[in-house]
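Report on one structure; see the data block that follows.
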Amino acid sequence: MNKAELVSAIAKRADVPASTVDSVINGLQEELVDAITRGDKVAIPGLLTVERSQRSARTGRNPQTGESIEIAAAHTAKVSAGSNLKKAAAAVPVD
């Protein structure tokens, strides 16, 4: 599902104009980016948690040459599924 399909589905489910849903999703994106930049954690209970995480510096290996390289420490975004998403995923049978 891409953004346009998501906007359409939410607009239909919530019975609101698609332009309103699109504005809300854009606002959510901007707020998540701002929160991650500030180092804040955003939690939507049952759905997801988004927070900034830090990776330590480490030694990696170039797969083509086998040469060791130093990888610098970095911040990353960590997204964790909430309980409702985990339950929905667990309810789908494995093929």
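Numbering-wise (this note's numbering), the sequence shown opens with residue 8 and increments by one.
In this text, a Cβ means the ideal position worked out from N, Cα and C, and glycines have one as well.
Continuous beta strand (DSSP E) stretch holding residue i: start and end
i: S75; result: S75 to I78
Best match in the options for proximity to residue i [C-alpha to C-alpha]
i: A11; options: I32, D22 and A21; result: I32
i: K85; options: E58, K19, G53 and S26; result: E58
i: P52; options: Q71, K93, L13 and V99; result: K93
i: G67; options: A95, A80 and V14; result: A80
i: T56; options: A42, P24, V14 and V99; result: A42
Distance, residue j Cα to residue i Cα
i: V49; j: G73; result: 40 Å
i: N91; j: L54; result: 6 Å
i: T83; j: G34; result: 21 Å
i: A21; j: D29; result: 13 Å
i: S26; j: G89; result: 27 Å
i: A75; j: R65; result: First, the residue type needs correcting, since residue 75 is Ser and not Ala in the sequence shown. Using only the alpha carbons, I get a separation of about 10 Å.
i: I78; j: A18; result: 44 Å
i: N9; j: D47; result: 27 Å
i: V14; j: P24; result: 9 Å
i: S87; j: Q71; result: 33 Å
The alpha helix (DSSP H) enclosing residue i, as first and last residue numbers
i: V14; result: K10 to A21
>> What ranges does the alpha helix (DSSP H) occupy inside the region 40-99, keeping only unbroken runs of at least 4 residues that lie completely in it?
In response: 90-97
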